[in-house]
Structure formats: structure tokens, C-alpha cells
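Report on the following structure.
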Amino acid sequence: MVFEDMKIELWVIFQIAVDFILVVLIFWLLKNMKIRLQQDISKDTSEKVMGMIEPLLTQANYIATTFGKQLRKKNHLINKLNEKLDSRIISLNLLLNRTESLIGKGNADSESQSIHVYDQQESIIQLYIAGKSPSEIAKTLSLPKGEVDLVLDLKKKLLNIQ
């Protein structure tokens, strides 16, 4: 009987150990489920926030792209206006130099023989490309050397801008 009593005690101890393990397992599962539930809630919340932010970012990207295009157009327009302004400055300086030259020489007939300003600019540039010095160009076209230098300097600056 002692042996049989001992078997019952072992079975009771075994049963208590199993019960203890089951209780620990249940607590562990409950804790795990609670953590997963919190993760699901935080995941849903983060997805909602991302859903709200994504359209804003898309719209901001579109606006930035549009703004960049407009800036490039404005920059191109400014460059074109700058080129036209430089061309007009050259023309006005050529006219001023020609007027000063005519006043200095006292030559009234040169007005009828004058070349159009733009053609004159082209002639200066072509002669310079052909390898003539500014002094030779001035003598060839009967222009002041300062006028030839001015046209060449402005043309060089204009080419550097582009």
C-alpha cells in the first residue's frame, strides 16, 4: 500500500506540475495575443496616417515639378531678353561712335554710304574670325577702333553667357 500511496502522490504532483505549466502557457498566450493586438492597432494607425500623407506628398511633388518648369522658362526668357538688350546696346554704341566719328571728321557724305548697323556688326565679326586684328578691321570698314573693340568684346561676352 505504501507503494500505491506513493503512486497517487506522484500522480498528484504530476497533475499539479501539468496544471502549473498550462496556467503559465495560458498567461503566455494571452500576453502574446495582447502584443499582437497592439501591433495590429499600431499597424492600422500607421497605414491610415500614410494614406493621408501620401496624397499630400504627391501633390507637393507635382507643385515642385511645375515650379521648376516655370523657373526654367523664366530663366530662358531672361537670357533672351539679355541677348536682345546686349544687341541693342551694341547698336546704340555703334551709332554713338559713328556719330562721334562723323562729327570729328566733319564728313557729311558718309551718311549716304553708311552700312546698316547689324550688317556692320556682322562684318566686324566675320573679319575678326578671318584673323584680322581690331586695328585692321577698323581701317577696312572705316570705323573707330573703339567701336570695333566694343563689338568684339560684347560678342565674346554674349557667347560666354550662352
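Take 107 as the starting number for the sequence shown in my numbering and just add one per residue.
Yeah, the Cβ is synthetic: ideal placement off N, Cα and C, and Gly gets one too.
As the structure is a prediction and not an experimental result, all values here were calculated from the model.
Within this structure, are the beta carbons of residue i and residue j separated by less than 8 angstroms?
i	j	result
V257	L208	no
L265	D192	no
S248	V223	no
Mind checking if residue i is an interface residue toward chain B, Cβ cutoff 8 angstroms exclusive?
i	result
I209	Given the protein chain composition of this structure (a single chain), no chain B is represented.
Identify the continuous alpha helix (DSSP H) that holds residue i and give its terminal residues.
i	result
P250	No alpha helix (DSSP H) holds P250; DSSP gives it neither H nor E.
S239	Premise fails: S239 is in no alpha helix (DSSP H) and is neither H nor E.
Residue i to residue j, Cα distance in whole Å?
i	j	result
G157	L136	31 angstroms
D225	L260	16 angstroms
I175	E160	Residue identity differs from the one stated: residue 175 is Lys in this sequence, not Ile. Looking at the two C-alpha atoms, the distance is approximately 23 angstroms.
L187	F173	21 angstroms
I114	R142	41 angstroms
R178	R194	24 angstroms
I184	K238	33 angstroms
W117	Q144	40 angstroms
E242	I235	13 angstroms
T164	V155	15 angstroms
N138	A170	46 angstroms
A123	S152	43 angstroms
F120	K149	43 angstroms
A166	E189	35 angstroms
R204	A244	12 angstroms
A214	H182	Confidence is the limiting factor: at A214 the pLDDT is only 46, short of 50, which leaves the residue's position unreliable and the question unanswerable from this model.
Practice task
Report yes or no: do the segment 225-235 and the segment 244-254 share at least 3 C-beta pairs separated by less than 8 angstroms?
Solution key: yes
Exercise for the section: Write down every uninterrupted run of the alpha helix (DSSP H) in the segment 125-179 whose length is 4 residues or greater and which is fully enclosed by it, in chain order. Expected result: Entirely contained in the segment 125-179, not one alpha helix (DSSP H) run reaches 4 residues.
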